[in-house]
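Visitor: All the letters of the sequence shown, read from the start, carry residue numbers 2 to 511 under my numbering. Even for Gly, the Cβ is constructed at its ideal location relative to N, Cα and C. As the structure is a computational prediction, the values presented were derived from the model and not from experiment.
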Amino acid sequence: MTLVATIQIGIICAVVVIFLKYLYSRHAMPYPPGPKPLPLIGNTLDIPTGASWLRYAEWAKPYGIANWDLIHVHMFGTHIVAVNSIRIANDLLDKRSNKYSSRPVVPMLEIMSDDFNVAALTYGEKWRRHRRLIHQNFRADLTLHHYPIIMNKAHCALRNLLEKPEDFITHIRHMTASVIMSILYDYEVNPNHDRYLEVVEQVMDMMGHAFNPGAFLVNVIPQLQYLPEWFPGMGFKDFARRCLTFVQEMQDTPFDYAKARFTAGVGSSCITSELLANMKEHDYTEREIKRMAATIFTGALLSQSVSAISTAFLAMVLFPEPQEKAQAEIDSVIGNSRLPEFSDRDSLPYVEAFFREILRWRPPTPLGVAHASTEDDVYEGYFIPKGSIILPNVWAMQHNEESYPNPDEFRPERFIADDGTLKGGHEVVFGFGRRICPGRHMADAQVWAMIALVLSVFCVTKAKDANGNDVEVDGRYSDGALIHPLPFKCSIVPRHERASQLINETANLV
């Protein structure tokens, strides 16, 4: 049989499989509402490849059960259900977590990542084993032990901001990476040029693209991965190969560094060295430790910290009044004799509300992280078939005008009740049910610390041009699984002379 004939048979088989999936997926009960599909290809032409959270939210208005609820689309027999309300997300992903705790099988991700990311594993014993390892090292109570490291790196970021405020995004990246690299590997990130950090960011960019529904046809027709590389449309193979090279370097380089220091008996204790010391007792392998560490580090970058802190700077520029209110609270509670500490957090409710509003206003992962159903299910009269991809549309949940009037306005007061207590709702950015982000306590602490410290000592406002006019900021964001503000200019200056002194004094605390 010739190669061409083999390819033709493979394509025919793929079409037959898609047709059979379409034929046998029909069910007596209706799917959740959504745009009308075409035969065989379904909604393939409708699936958004950019800013998809906005499209699913727009679809919800004419199609939703009420308003902002469930949307169903499918492409080539793969069912996608966008969940646009917190209530339904909790009903499905938390209360019915036995059915909705898996992850979709994303062929492109498997090809390019060597299954390193525990967060992307399907539900089962392998995932549970890795999850236990992560939870044992990143529980809320253990995060308290890392507070000194977080504050130390945040103080360093303040000094960098004082010296080179125009490079504030670089300082944010350095701070978040330094915290987690120190905790995981006892590794000090090079502030000028760190190869490891560049590799991680490259992996995250490439993986974020792979997660985007509709970005790669191989994700809906997995048989394409078996076609030869010269065949038209096989460019994804080169993309995957390049990413896999970065993934292997990302896992091996810091682990080998920490292992060498552990073996030599030098350096400070870190999570990797502690796990190596107790590896036999707890029956973990070096490969599992590598994956756990890489998952936490990439999760800390991918899920929250860099995006959220960058958003805080943008919010300060675009909405000066909340910044002033937060600074007034800090001055009233702490004064100017010292910088905020974690022990002050409960005494700074407006700063806490500011932090929570950051996560609501521009959630770092607006479409959440996809779940997958492992059983057929019926919810409020709608059929959700086994194997459906469930997208928790965090953006829609946090921009619901009934819960958050004028949602595009940045107003921390949303999270303060009439009696002065704090409201919840921001937690949805960390996920749902059994797949909630295990590193959320670390991310929460990093973001809060940086926001509180910057508010205490800096004024962040619009930059001025050569003529003294404000440089306008449009507030646009990138696209992908993780979003962050596109580059913008701003003015970052000490609030007063004492602020500069406090920043410089942190050098003596190292």
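Using beta-carbon positions only, say whether residue 295 and residue 117 come within less than 7 Å of one another.
Guide: Against a cut-off of 7 Å, the Cβ pair of residue 117 and residue 295 comes out as a contact.
Visitor: Assign residue 54 to buried or exposed, taking buried as 16 or more other Cβ atoms, counted over all protein chains shown, within 10 Å of its Cβ.
Guide: So residue 54 counts as buried.
Visitor: Do the CB positions of residue 343 and residue 148 come within less than 7 Å of each other?
Guide: For residue 343 and residue 148, yes; Cβs fall inside 7 Å.
Visitor: Run through DSSP, which three-state label would residue 124 get?
Guide: Residue state, collapsed to three classes: coil.
Visitor: For the alpha helix (DSSP H) that contains residue 271, what are its first and last residues?
Guide: Premise fails: residue 271 is in no alpha helix (DSSP H) and is neither H nor E.
Visitor: I'd like the list of long-range same chain contacts for residue 81, defined as Cβ closer than 6 Å, with 5 residues on each side in sequence excluded.
Guide: Once the five neighbours on either side are set aside, the close Cβ partners of residue 81 are 74, 390.
Visitor: Buried or exposed: residue 237, going by 16 or more other Cβ atoms within 10 Å of its Cβ?
Guide: Residue 237 should be labelled buried.
Visitor: What do you reckon, are the CB atoms on residue 150 and residue 183 nearer than 7 Å?
Guide: In contact: residue 150 and residue 183 (Cβ atoms closer than 7 Å).
Visitor: Quick check on the burial criterion: 16 or more other C-beta atoms within 10 angstroms. Buried or exposed for residue 269?
Guide: Exposed, since its Cβ has fewer than 16 Cβ neighbours within 10 Å.
Visitor: If you draw a straight line from the alpha carbon of residue 347 to that of residue 246, how long is it in whole angstroms?
Guide: C-alpha separation (whole angstroms): 45 Å.
Visitor: Can the beta-carbon of residue 440 be found less than 7 Å from the beta-carbon of residue 139?
Guide: Result yes, Cβ atoms of residue 440 and residue 139 sit closer than 7 Å.
Visitor: By Cβ distance below 8 Å, which residues in the same chain neighbour residue 107 in space, the five residues on each side in sequence not counted?
Guide: Counting only Cβ-Cβ distances below 8 Å, and skipping sequence neighbours, we find 121, 211, 212, 220.
Visitor: Under 7 Å, do residue 205 and residue 244 count as touching if we go by C-beta distance?
Guide: It is not a contact, given that the beta carbons lie outside the stated cut-off.
Visitor: Could you tell me if residue 379 is buried or exposed, where buried requires 16 or more neighbouring beta carbons within 10 angstroms of its beta carbon?
Guide: Counting Cβ neighbours within 10 Å, residue 379 comes out exposed, since fewer than 16 surround it.
Visitor: Using C-beta distances below 8 Å, list every residue in its chain close to residue 262, excluding the 5 sequence neighbours before and after it, in chain order.
Guide: Answer for residue 262: 187, 268, 274, listed in chain order.
Visitor: In whole angstroms, give me the CA-to-CA distance for residue 40 and residue 47.
Guide: Between residue 40 and residue 47, the C-alpha separation is close to 13 Å.
Visitor: Are the CB atoms of residue 493 and residue 162 nearer to each other than 7 Å?
Guide: In contact: residue 493 and residue 162 (Cβ atoms closer than 7 Å).
Visitor: With 16 other CB atoms within 10 Å as the buried threshold, where does residue 1 fall?
Guide: Outside the displayed range of the chain (2 to 511) lies residue 1, so it cannot be described from this structure.
Visitor: Determine the burial state of residue 425: buried for a count of at least 16 other Cβ atoms within 10 Å of its Cβ, exposed for fewer.
Guide: By the neighbour-count rule (16 or more Cβ atoms within 10 Å), residue 425 is not buried but exposed.
Visitor: Rounded to whole angstroms, what is the Cα-Cα separation between residue 126 and residue 340?
Guide: Each residue's alpha carbon lies about 45 Å from the other.
Visitor: Nearest CA to the CA of residue 484: which residue from 259, 293, 308?
Guide: Closest option to residue 484, Cα to Cα, is 308.
Visitor: Comparing C-alpha positions only, which one of 381, 442, 474 sits nearest to residue 88?
Guide: Among 381, 442, 474, the Cα nearest to that of residue 88 belongs to 381.
Visitor: Please confirm whether residue 155 and residue 443 have their CB atoms less than 7 Å apart.
Guide: Contact flag unset, no.
Visitor: Are the region 166 to 181 and the region 486 to 503 in contact at 8 Å, needing three or more beta carbon pairs?
Guide: Yes, the region 166 to 181 is in contact with the region 486 to 503.
Visitor: Strictly under 7 Å for the Cβ-Cβ distance: is residue 468 near chain C by that measure?
Guide: Here chain C cannot be found, since the structure has a single protein chain.
Visitor: Taking its Cβ as the centre, do 16 or more other Cβ atoms sit within 10 Å of residue 37, making it buried, or is it exposed?
Guide: With fewer than 16 other Cβ atoms within 10 Å, it is exposed.
Visitor: Between residue 130 and the rest of its own chain, which residues show a CB-CB distance below 8 Å, the 5 nearest in sequence each way excluded?
Guide: Correct list, in chain order: 289.
Visitor: Can you name the residues that DSSP bridges to residue 465?
Guide: Residue 465 is bridged to 471.
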